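Residue numbers for the sequence shown follow our numbering, so the first one is -13 and each next one is one higher. Here's the structure we're looking at; comments come further down.
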Amino acid sequence: MDKNLALKIFEGFSIQRWNDLVRPFDLVEMDKAAEKMVLAYIIGKYEENKGNKIDWNWMIYASLFDLLKKIALCDIKAPVQQMLKKEFPEEYLRLNEWVLNQYRVLIDDEDLFSKFTIYIGQKAGSFPVPEELKKSIHVYNAAHKYSTIRELEMISMVNEKERLSNIDKDLKKEIQPFLDLEGLQKLFTHQKVFDFLLKIEQLRFQIRWNQTPRIPRTSVLGHCFFVAVMTLLLGRESNPDMCERRVVNNFFSALFHDLPESVTRDIISPVKQATDDLPNIVKKIEDEIVNKELVPLMEPFYVDELIYYTSDEFSNRIKSNGKVIKTTWKDLNDKYNSKDYDPVDGQLVRICDHLSALMEADISIKHGITSSHLTIGRDSTLNHYGPAEVLNGINVYNLYHDFIKE
-13 MDKNLALKIF EGFSIQRWND LVRPFDLVEM DKAAEKMVLA YIIGKYEENK
37 GNKIDWNWMI YASLFDLLKK IALCDIKAPV QQMLKKEFPE EYLRLNEWVL
87 NQYRVLIDDE DLFSKFTIYI GQKAGSFPVP EELKKSIHVY NAAHKYSTIR
137 ELEMISMVNE KERLSNIDKD LKKEIQPFLD LEGLQKLFTH QKVFDFLLKI
187 EQLRFQIRWN QTPRIPRTSV LGHCFFVAVM TLLLGRESNP DMCERRVVNN
237 FFSALFHDLP ESVTRDIISP VKQATDDLPN IVKKIEDEIV NKELVPLMEP
287 FYVDELIYYT SDEFSNRIKS NGKVIKTTWK DLNDKYNSKD YDPVDGQLVR
337 ICDHLSALME ADISIKHGIT SSHLTIGRDS TLNHYGPAEV LNGINVYNLY
387 HDFIKE
């Protein structure tokens, strides 16, 4: 994986949102991208349950490409970009070309860059959008708009009405075309799926490494999206022949891998590992609390999938005859690389989870904000895997040490 691309994506933790308004907590682009994909999953599942086809693979790449574009254009507010597109289309096309050029030197993967180019072109209106993608785009755009509305609702308590009235009016107008979506209707009318979202949003308020100062501060929810993106990119390198279902499972397993922490809070690794038996005990308690507090808020048509994603989340696994079976990376590739087995590269998610933790510590240290917690965390992650250890086709030791080089 290109270290510079990963560092560029990490900038999403530093780009502030709504920074011309009073904010009760940090609102950053990485967290917005995470909540948008949580909402896309929920709304999309309602549509699938009605028999509509959702292209999850397209949606995953769209979330990455939108974040890349946002990082490149962080100083240009969305309404200004919309005006550019509408009133100055030629300049808007040049702006998009400029965005692509910023990443040309960072993305060696030609297929990935081609996907990025097509996506940017379709959003700009210069490339046609296939008919079969329109429902997926509709769901994705609904998630984008509603995640913005949720942010506005969160900050509305501490801002005078006069500051927000025009924004509120514009967002209500922009969400209208999406109210045909059942999931969005249920969210708007605060049915039980809204309570589920409220639980997940708690991950946005939980800060990782909360026992030490650190720059940039990262939320659990933003961390989950970053891990999902790293899982997508690293998976492309370790096995470019993964079936589509496996790619989708890996991404959403990573996105939801810390879901239990929405009800248990983030228990830091040193505490989890205080005794030999504690990790298993903590996991058992997490599962019990999830079953009690989260499962009743989930719809029957996605509850089993989310439990599959969050239970034993760091093991390579498949489903066969209704049972979850642990397996090896070799067998995932040779025997089970098919949607029929619902394969998940759980070890890959773990590698990316540790990579995210390593970057969170190392980047802060290099910014000059350090502590014993950060240095110990960084060093223990670096030494967690042996020099010759290869997991899911990746020499993790070499990967991690390459990332901390100056």
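Note that the Cβ used here is the ideal one computed from N, Cα and C, for glycine as well. Since the structure is predicted, the reported quantities are computational estimates derived from the model, not experimental observations.
- Collapsed DSSP secondary structure at I362 in the structure displayed: As a first step, residue 362 must be located in the sequence shown, where it is residue number 376. Helix.
- Going along the chain, which residues of its own chain have a beta-carbon closer than 6 angstroms to the beta-carbon of F180, five neighbours each way excluded? Taking the sequence shown and counting its residues from 1, one reaches residue 180 at position 194. Answer for F180: L173, listed in chain order.
- Mapping DSSP to helix, strand and coil, what is I390? Stepping through the sequence shown from its first residue, residue 390 is reached at position 404. Here I390 sits in helix by DSSP.
- Indicate whether L220 and M69 have their beta-carbon atoms separated by less than 8 angstroms. Along the sequence shown, read from residue 1 onward, the residue named residue 220 stands at position 234. Along the sequence shown, read from residue 1 onward, the residue named residue 69 stands at position 83. Not closer than 8 angstroms, so no.
- Query: Looking only at its own chain, which residues have a Cβ that is under 7 angstroms from the Cβ of Q188, when we skip the five neighbours before and after it?
  - Reply: The residue given as residue 188 occupies position 202 in the sequence shown. The residues are S248.
- Rounded to whole angstroms, what's the CA-CA distance from C229 to W42? Just pull it up for me. For this step, residue 229 is matched to residue 243 along the sequence shown. For this step, residue 42 is matched to residue 56 along the sequence shown. In a straight line, the C-alpha of C229 is about 13 angstroms away from that of W42.
- Residues in its own chain within less than 6 angstroms of F102 by CB, not counting five upstream and five downstream? On the sequence shown, residue 102 is found 116 positions in, with the first residue counted as 1. Counting only Cβ-Cβ distances below 6 angstroms, and skipping sequence neighbours, we find F51.
- Applying the criterion that 16 or more other CB atoms from any shown protein chain within 10 Å of the CB defines a buried residue, is K56 buried or exposed? Counted from its first residue, the sequence shown places residue 56 at position 70. Classification of K56: buried, given that the 10 Å Cβ count is 16 or more.
- From V268 to S100, what distance separates their C-alpha atoms? Taking the sequence shown and counting its residues from 1, one reaches residue 268 at position 282. Taking the sequence shown and counting its residues from 1, one reaches residue 100 at position 114. So the alpha carbons of these two residues sit roughly 44 angstroms apart.
- Item | Ordered list of alpha helix (DSSP H) runs contained in the segment 224 to 298, each at least 4 residues | 230 to 241, 247 to 250, 255 to 258, 264 to 275 and 286 to 296
- Task: Assign F164 to buried or exposed, taking buried as 16 or more other Cβ atoms, counted over all protein chains shown, within 10 Å of its Cβ.
- Result: For this step, residue 164 is matched to residue 178 along the sequence shown. That one is buried.
- Comparing alpha-carbon positions, which option in I355, H124, S297 and Y386 lies nearest V330? Translated into the one-based positions of the sequence shown, residue 330 becomes position 344. Cα-wise, what sits closest to V330 is S297.
- Message: Please report the straight-line C-alpha distance between D328 and I355, rounded to a whole angstrom.
- Response: Indexing the sequence shown from 1 puts residue 328 at position 342. Indexing the sequence shown from 1 puts residue 355 at position 369. Answer to the nearest angstrom: the Cα atoms are 42 angstroms apart.
- Query: If you count every other CB in all the chains shown that lies within 10 Å of the CB of H353, and 16 or more means buried, which is it?
  - Reply: The sequence position of residue 353 within the sequence shown is 367, counting from 1. Per the 10 Å Cβ criterion, exposed.
- Query: Excluding the five sequence neighbours on either side, which residues of its own chain have a C-beta within less than 8 angstroms of the C-beta of I106, listed in chain order?
  - Reply: The count along the sequence shown starts at 1 and reaches residue 106 at position 120. The answer, listed in chain order, is F51, K55, N82, V85 and L86.
- In its own chain, which residues sit with a C-beta less than 8 angstroms from the C-beta of L396, not counting the 5 before and 5 after it? Given that the chain is displayed from residue -13 to residue 392, the structure contains no residue 396 and the question cannot be resolved.
- Query: Hey, would you say L98 sits closer than 8 angstroms to R222, going by beta carbons?
  - Reply: Position 112 of the sequence shown, counted from the start, is the residue given in the question as residue 98. Position 236 of the sequence shown, counted from the start, is the residue given in the question as residue 222. In contact: L98 and R222 (Cβ atoms closer than 8 angstroms).
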